[in-house]
Amino acid sequence: MPKPAKGARLGGSAAHERLLLANLAKSLFEHGRITTTEAKARRLRPVAERLITKAKKGDIHNRRLVLQTITDKSIVHTLFTEIAPRYAERPGGYTRITKVGNRRGDNAPMAVIELVEGEIAKKATVAEAEAAAKRAVKEDALKKEDAPVEDAPAEVVEDAKPESKDA
63 MPKPAKGARL GGSAAHERLL LANLAKSLFE HGRITTTEAK ARRLRPVAER LITKAKKGDI
123 HNRRLVLQTI TDKSIVHTLF TEIAPRYAER PGGYTRITKV GNRRGDNAPM AVIELVEGEI
183 AKKATVAEAE AAAKRAVKED ALKKEDAPVE DAPAEVVEDA KPESKDA
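Using the working numbering, the first residue of the sequence shown is number 63, and each one after it goes up by one.
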């Protein structure tokens with residue numbers, strides 16, 4: 063009978079740890095990044111990477127294996143259709159852990175765990191869109207400056223002299 067690894071179990075039994083990691087993985091795939099304690103992030107990383115590797119294979123057997131861990135079908139669908147194809151050429155290292163300091167209430171060390179290419183691609187897309195908008199504004203300004211001014215007949219305004227009234 064398989065026994066869990068010895069050591070800390072993240073605040074409970076082995077079953078509690080398994081469910082906790084499944085919920086953390088579900089949140090990670092849903093949002094792309096989550097903030098949690100460093101210990102939970104370090105325990106989550108291999109679980110999440112294993113699930114992404116199974117999703118990359120894409121067959122029904124691996125989908126059922128992933129569904130044993132993550133029971134939300136919509137998250138599993140997102141994992142197989144959006145997240146896994148993003149990492150098709152990447153041999154591993156799908157997540158990044160960044161330490162963010164300590165939590166205010168209990169001074170627990172916190173970390174952000176995120177999917178590697180997901181956030182970078184979104185930021186790059188936003189940056190490209192902003193750059194394109196700036197270029198378009200500059201091009202419009204240059205076109206207006208370079209456009210030849212047509213010689214239009216100027217309107218002649220006659221000076222209206224006030225009539226002097228003799229009293």
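C-beta: ideal position from N, C-alpha, C; glycine also.
- Residue 172 is bridged by DSSP to 99, 163.
- Look at residue 71 here: in three-state DSSP terms it is coil, with no helix or strand label.
- Annotation: residue 173 to residue 80 spans about 20 Å, alpha carbon to alpha carbon.
- When DSSP states are grouped into helix, strand and coil, residue 158 belongs to the strand group.
- Residue 128 counts as buried, since at least 16 other C-beta atoms from the protein chains shown sit within 10 angstroms of its C-beta.
- Close CB contacts of residue 141 within its chain, under the 6 Å cut and outside five residues either way in sequence, are with 91, 117 (chain order).
- With a beta-carbon spacing of about 6 Å, residue 177 and residue 157 fall inside the 8 Å limit used to define contacts.
- Taking 8 Å as the cut-off, the beta carbon of residue 110 is found closer than this to the beta carbon of residue 87.
- Residue 175 is a Cβ neighbour of residue 107, given a cutoff of 8 Å.
- Restricting attention to 94, 149, 99, the CA atom closest to the CA of residue 168 is found in 99.
- One thing to note: residue 115 has its Cβ no nearer than 8 Å to the Cβ of residue 84.
- Scanning its chain for C-beta atoms nearer than 8 Å, with the 5 sequence neighbours on each side dropped, one finds around residue 162 the residues 97, 172, 173, 174, in chain order.
- Residue 190 is not a Cβ neighbour of residue 148, given a cutoff of 8 Å.
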